[in-house]
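Input: a single structure, listed below in structure tokens.
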Amino acid sequence: MDRFMVHLKNKSFVPKDNRLLIKRALDLCSDIKVAIRDARVSKKYIQYDISLDKNDLDKFIRNVEPISELAIARHIKDEKTTKEQYIKDGIFYFNEERFWEAHEAWEGAWRMCTGQEKLLLQGIILIAVAFAHYQRFSNSVCIGMMGRALTKIGESSGIYHNIDVDMMKDKAQAIRATKEIITFKV
């Protein structure tokens, strides 16, 4: 079975709808063998993290059309690239509110880092993962992870590969203090 991220256009769903969206997709796809790992809801997308035979992908997309129309379908493969490209990809996914994909891209770069850079990147990754939890309506997990992220980022500051570390720290601290989760772009 192959893993895919299937992004449907989101017209009205919110993170608390994630369980309903999983159930609905499973009901609509009862005629194919599919494992739905998760559904995350952003302002732009309903993001299904699925595993199925790649020959069934088109059928899955047709079957879930009553939920919404396809925006993007991406085959998740372990692709090797440079640290800079992983970071650039992570920024793109983060700014598209595709936080789980941002986390996976940045994790590729993280494996190539050492020392303080590795800790900084781990903190950035934790912010992406926190927002992925928010998209699943796991708000308390999101808020808690912001604290872990800030600990990893520590005293790091400035710009890291076009990522404003100070801004990220300020936003994460505000989320922890107010308990109000507001996503942002890097």
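The sequence shown lines up with residues 1367 to 1552 when you count with the numbering used here. Glycine included, every Cβ here is placed at the ideal spot set by N, Cα and C. Every value quoted in this text rests on a predicted model; they were computed, and no experiment measured them.
Whether residue i touches residue j by CB criterion (9 Å)
i, j, result
"TYR1452", "TRP1472", "yes"
"ASP1404", "ASN1384", "yes"
"MET1478", "LYS1449", "yes"
"TYR1414", "LEU1386", "no"
"VAL1507", "PHE1465", "no"
"ALA1468", "GLY1481", "no"
"ILE1519", "LYS1535", "yes"
Selected residue, minimal CA-CA separation from residue i, among the options
i, options, result
"ALA1475", "ASN1461, ILE1547, ARG1464 and ILE1490", "ILE1490"
"LYS1399", "ARG1406, ASN1421, VAL1372 and LYS1382", "ASN1421"
"VAL1372", "SER1378, ILE1438, ILE1402 and ALA1391", "ILE1438"
"GLU1521", "VAL1552, ALA1538 and LEU1486", "LEU1486"
"ALA1543", "MET1511, LYS1518, ASN1429 and THR1447", "MET1511"
"GLN1539", "GLY1524, LYS1551 and ILE1493", "ILE1493"
"LYS1484", "THR1517, PHE1460 and LEU1423", "THR1517"
"ARG1440", "PRO1381, VAL1552 and ILE1427", "ILE1427"
"VAL1552", "LYS1545, LYS1537, PHE1379 and LYS1425", "LYS1537"
"THR1447", "PHE1503, VAL1380, GLU1470 and ASN1461", "GLU1470"
"ALA1391", "LYS1425, PHE1460 and ASP1419", "LYS1425"
"ILE1541", "GLY1524, ILE1509 and ASN1461", "ILE1509"
"ASP1419", "GLU1445, MET1367 and ASN1376", "MET1367"
8 Å CB neighbourhood of residue i in its chain, flanking five on each side removed
i, result
"GLU1463", "SER1408, LYS1409, LYS1410, TYR1411, PHE1497, GLN1501 and THR1549"
Cutoff 6 Å; reference residue i; Cβ partners in own chain excluding five residues on either side
i, result
"ARG1369", "SER1417 and ILE1442"
"ILE1388", "ILE1402 and ALA1405"
"ARG1514", "LEU1492"
"ASN1429", "LEU1394 and CYS1395"
"LYS1382", "PHE1503"
For residue i: DSSP bridge partner residues
i, result
"TYR1526", "ILE1529"
"MET1371", "ASP1415 and ARG1440"
"ALA1401", "SER1417"
"VAL1430", "Answer by DSSP bridge pairing: none, since VAL1430 is not bridged."
"ARG1406", "GLN1413"
Residues near residue i in its chain [Cβ-Cβ closer than 7 Å; skip 5 each side]
i, result
"VAL1380", "VAL1407"
"LEU1423", "PHE1370 and ALA1439"
"SER1523", "VAL1531 and ASP1532"
Discussion item. Does the contact criterion of 3 or more C-beta pairs under 8 Å hold for the stretch 1523-1531 versus the stretch 1430-1438?
Written reply: Taking a cut-off of 8 Å on C-beta distances, the stretch 1523-1531 does not touch the stretch 1430-1438, as fewer than three cross pairs fall below it.
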